[in-house]
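Chemist:
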Amino acid sequence: MILVNRALRIKQGFGLSLALILASALIGTMPVLAADATTAAVLYPRIKEPYNQVFANITEGIAENFKGEIKTFKFENDTNIAEIRFWIAENNISSLIALGSNGLKFARQLKDELPLVVGAVNIATEPTEFSGISMTPAPMLLLSQMARIVPNVSKVHVIYQKKKQAWLIGAALDAARQTGLSLIPHPVDDLLESAHNYRKLLTELNSDSEALWLISDNSIMDQAVMRDILEVAWQRKLYIFSNRLPDVKRGALFSMYPDNKALGSSLARMLMEKLQHPEHEEKIILLADLLTAINLRTAKHLGLYFNKSEQQDFELIYPMQ
């Protein structure tokens, strides 16, 4: 893999400007090659460890599954789209996988110039600008795991931001029907309304047959609200599961989190499908490459026990052994 930005070799002045203009012209006419004879780029930000490892693992999965050459461009905070276009042209890049929120910004500027998919970013499935995989866990997998871990639960409550997360609730309602669970959505506008609804809901939940699903968003959740939720849940022995891994460490029963290498494999397959079938409609799918983390201390408190064999079904266990 090439981890360089050779565009920066041209230092300044007319040479750089001319090169960037030529690069922009070249990329617009670049042919799309067959999936087994193409060079694809993985575009993501240069960041410090341990966060860089997320992108490194995704890239590893891409490289192992893409039928062609993979080159990597790590952009800086001050990298501009012209530099990326120059690098794409210089390296004969014919397709692209853009990672992260800033990678998404560049993808929006490149989507009409070459085939691309996006990943490692929270993005709604609609409206669809291009193809990719959202970092939002697929509700089907979360609800199925809930039903498996706590089979006596029949009803799941979820509080959500009604403007930003309504698209997710639609998918969740479909998933609940397929898993035999009853999903009760509670729409809110802001943090104040969210905190009020959580307080009310936590006093009303049936601790034997109902659960609370946390789909955290900064507009409706903060540390104080989360602390209150987990304290009341512990006192009342309520089933709480979450979209966020850190919540499990703090006391939620379980969460599902990205399998980054497997996500890379899925992105590679999605890009190859796009190259082979450019006529297909763009699509954003929810994350299905998931691992499960469980808090055994919380499980024991709730009367749930898992033997050594059953514990092997979980990829991460808290408290750490």
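In mature numbering (1 follows the signal peptide of the UniProt record, and there is no 0), the protein residues as written are -34 to -1, 1 to 287.
Using N, Cα and C, we set each Cβ at its ideal position, and we do this for glycine too.
#1: Where residue 288 and Tyr10 are concerned, what is the direct C-alpha to C-alpha distance, given to the nearest angstrom?
#2: In chain order, what residues of the same chain lie with their CB nearer than 8 Å to the CB of Val119, ignoring the 5 residues before and after it?
#3: Just the C-alpha distance for Met101 and Ala73, rounded to the nearest angstrom, thanks.
#4: Contact between the segment 266 to 281 and the segment 120 to 133: three or more CB pairs below 8 Å?
#5: Going by alpha carbons, who is nearest to Ala90 out of Leu253, Phe220, Asn58, Ala234?
#6: Cutting at 8 Å between CB atoms, please list the residues of its own chain near residue 294, excluding the five before and the five after it.
#7: Using alpha carbons as the reference points, say which of Lys249, Gly217, Asp255 lies closest to Leu229.
#8: Taking a contact to mean a Cβ-Cβ separation below 9 Å, would you say Lys166 touches Glu26 in this structure?
#9: Measuring alpha carbon to alpha carbon, tell me which residue in Thr169, Asn184, Ile260, Gln189 is nearest Leu211.
#10: For Met187, name the three-state secondary structure that DSSP assigns.
#11: Please report how far the alpha carbon of Ile283 lies from the alpha carbon of Phe220, in whole angstroms.
#12: State yes or no: is the C-beta of Leu76 within less than 9 Å of the C-beta of Ile54?
#13: When the Cα atoms are used, what is the spatial distance from Ile195 to Glu247?
#14: Check this for me: beta carbons of Ser208 and Ser231, under 9 Å apart or not?
#15: Starting from the N-terminal side, write out each stretch of the alpha helix (DSSP H) that is 4 residues or longer and does not extend beyond the segment 108 to 141.
#16: Would you call Glu49 buried or exposed, if buried means 16 or more other Cβ atoms sit within 10 Å of its Cβ?
#17: Hey, quick one: how far does the beta strand (DSSP E) through Leu178 stretch, first residue to last?
#18: Who are the Cβ neighbours of Lys215 in its own chain at under 6 Å, not counting the five residues just before and after it?
Modeler: In this structure, then:
#1: No statement about residue 288 is possible, as the shown extent of the chain runs from -34 to 287 and does not include it.
#2: Closer than 8 Å at the Cβ level, and outside the excluded window around Val119, lie Met112, Ala113, Leu147, Ser175, Glu176, Ala177, Tyr205.
#3: Going from the Cα of Met101 to the Cα of Ala73 covers about 16 Å.
#4: Too few Cβ pairs lie closer than 8 Å, so no.
#5: Closest option to Ala90, judged by alpha-carbon separation, among Leu253, Phe220, Asn58, Ala234: Leu253.
#6: With the chain covering -34 to 287 only, the question about residue 294 has no answer from this structure.
#7: That would be Asp255, whose Cα lies nearest to the Cα of Leu229.
#8: No, the pair does not count as a contact, with Cβ atoms beyond the cut-off.
#9: Nearest C-alpha to Leu211: Ile260.
#10: In this structure, Met187 counts as coil in the three-state DSSP scheme.
#11: Ile283 and Phe220: Cα-Cα distance of roughly 9 Å.
#12: It is a contact, given that the beta carbons lie within the stated cut-off.
#13: Their backbone Cα atoms lie some 41 Å apart in a straight line.
#14: Judged by their CB atoms, Ser208 and Ser231 are not nearer to each other than the 9 Å cut-off.
#15: Counting only unbroken stretches of 4 or more residues, no alpha helix (DSSP H) element lies wholly within the segment 108 to 141.
#16: Answer is buried; the Cβ neighbour count reaches 16.
#17: In the DSSP assignment, Leu178 falls within the beta strand (DSSP E) that extends over 176 to 180.
#18: Answer for Lys215: Tyr284, listed in chain order.
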